[in-house]
Amino acid sequence: AKLQGKNNYQFFKIEMNEAAVKRLVFENQLRKVLEREELCLYYQPQIELISKRVAGLEALLRWENTTLGGMISPDRFIPIAEEMGLIVPIGEWVLQTACKQGKEWLEQGLPPVRIAVNISSRQFQQPGLLAKIKEILEYTRFPAELLEVEVTESLFIGDDSVRNCYKMLKELQEMGVKIAIDDFGTGYSALNYLKRFPVNTLKIDRSFIKDICVDKDDAAITTAIIAMAHSLNLSIIAEGVEEVEQLAFLHFHKCEMAQGYLFSPPVPAKQIEKILTGGSIF
Ligand code: C2E
Ligand code: CA
Ligand code: CA
Ligand code: CA
């Protein structure tokens with residue numbers, strides 16, 4: 294009976310560890326992602342509604358790994374990369390790759406478009422971030438005016454971090470880099486940071502856009518955000534636009550830009566070249 298008890302105990306332990314082992318394998322694969330060159334960037338067009346032109350491109354990370362069975366969504370690996378501190382080198386790779394790509398497109402004679410790069414709040418805790426961005430802009434010779442950083446409202450919560458971020462964002466803006474607030478409206482943060490912080494663009498979160506044509510509350514929130522952006526002299530982008538009805542609503546309420554599957558999903562760089570040479574993608 295004693296022996297069986299022991300076996301049961303071991304069996305139980307193995308079961309319990311399965312999740313931990315999976316996590317360990319995942320972390321080990323993630324740690325090697327840069328040396329194995331498994332990352333790539335896709336780009337999603339941001340359309341200016343009046344001119345119907347591509348005004349910007351959002352760079353979005355893709356990770357292909359055979360051990361883990363193919364493509365892993367950034368929603369799955371970025372939070373873990375943040376916990377592990379890996380988001381810092383990964384984020385640098387993203388900035389460098391996007392700026393290099395942008396410069397290449399300019400040299401090919403394609404029309405200049407802004408490139409938006411997601412920067413995790415964790416990266417802003419790193420005092421070297423600003424120097425790194427400067428270094429990358431100098432090295433790649435990509436114009437600072439064409440770079441936009443997308444940050445989330447979580448950046449503006451907490452006293453100390455807020456003070457440091459203010460200086461970094463201010464300096465970025467003085468260099469000509471644009472600052473966008475991603476997933477706008479989903480954070481807990483009060484709106485007063487919009488008055489105090491250097492911000493150029495608000496990105497209305499997809500969760501508000503989804504039902505704008507059927508849900509009065511979502512419609513009201515969206516039109517209020519657009520009106521606020523106008524009066525604060527901020528650019529405005531609606532995220533996750535999938536239907537023509539949503540586009541019509543946004544156009545009617547004078548939303549400046551939109552991004553979503555209706556125009557294009559995120560695509561590899563090669564496909565962007567076709568889109569940019571073709572001009573409009575309507
Ligand atoms: P996000 O920054 O809010 O990016 C927008 C996400 O919405 C992307 O998912 C995009 O593919 C998706 N999307 C675009 N249009 C539509 C649409 O019409 N309908 C729907 N349902 N979805 C749409 P993705 O590429 O899977 O990225 C997920 C998140 O991962 C991003 O959300 C961002 O938070 C994070 N992420 C991606 N790349 C990076 C990166 O380089 N650095 C950091 N720190 N985070 C990144
Ligand atoms: Ca984003
Ligand atoms: Ca977003
Ligand atoms: Ca509602």
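Per UniProt numbering, residue 294 is the first one in the sequence shown, and the count goes up by one each step.
Backbone N, C-alpha and C define an ideal beta-carbon position, used for all residues, glycine too.
Check: Classify R415: buried if its beta carbon has 16 or more other beta carbons within 10 angstroms, exposed otherwise.; Outcome: buried
Check: What span of residues does the alpha helix (DSSP H) with C392 cover, start to end?; Outcome: I380 to E400
Check: Between the Cα of K503 and the Cα atoms of K563, A531, V347 and P338, which residue gives the shortest distance?; Outcome: A531
Check: For ligand 3, enumerate in chain order all residues having a CB closer than 7 Å to any of its heavy atoms.; Outcome: D475, D476, K496, D498, R499 and E532
Check: Where does K427 fall in DSSP's three states?; Outcome: helix
Check: Which whole-angstrom value is the C-beta distance of K494 and K460, which I expect to be below 8 Å?; Outcome: The residue you asked about is not Lys; residue 494 is Thr in the sequence shown. The Cβ separation is near 20 Å, so there is no contact.
Check: Under the DSSP definition of a beta bridge, which residues are partnered with P338?; Outcome: L350
Check: Quick one: grab the DSSP three-state call for S447.; Outcome: helix
Check: So L334 packs on V381, CB below 8 Å; how close in whole Å?; Outcome: Wrong, their Cβ atoms sit about 17 Å apart, outside the cutoff.
Check: Taking L323 as the reference, give the member of L448, N358 and A312 with the closest Cα.; Outcome: N358
Check: Could you tell me how far apart the beta carbons of L332 and V326 are, in whole angstroms, since I believe they sit closer than 8 Å?; Outcome: 6 Å
Check: Could you spell out the range, first to last residue, of the alpha helix (DSSP H) harbouring L569?; Outcome: A562 to G571
Check: Pop quiz: C392 and L430 are said to be a contact at Cβ under 8 Å. What is the actual Cβ separation, rounded to whole angstroms?; Outcome: 6 Å
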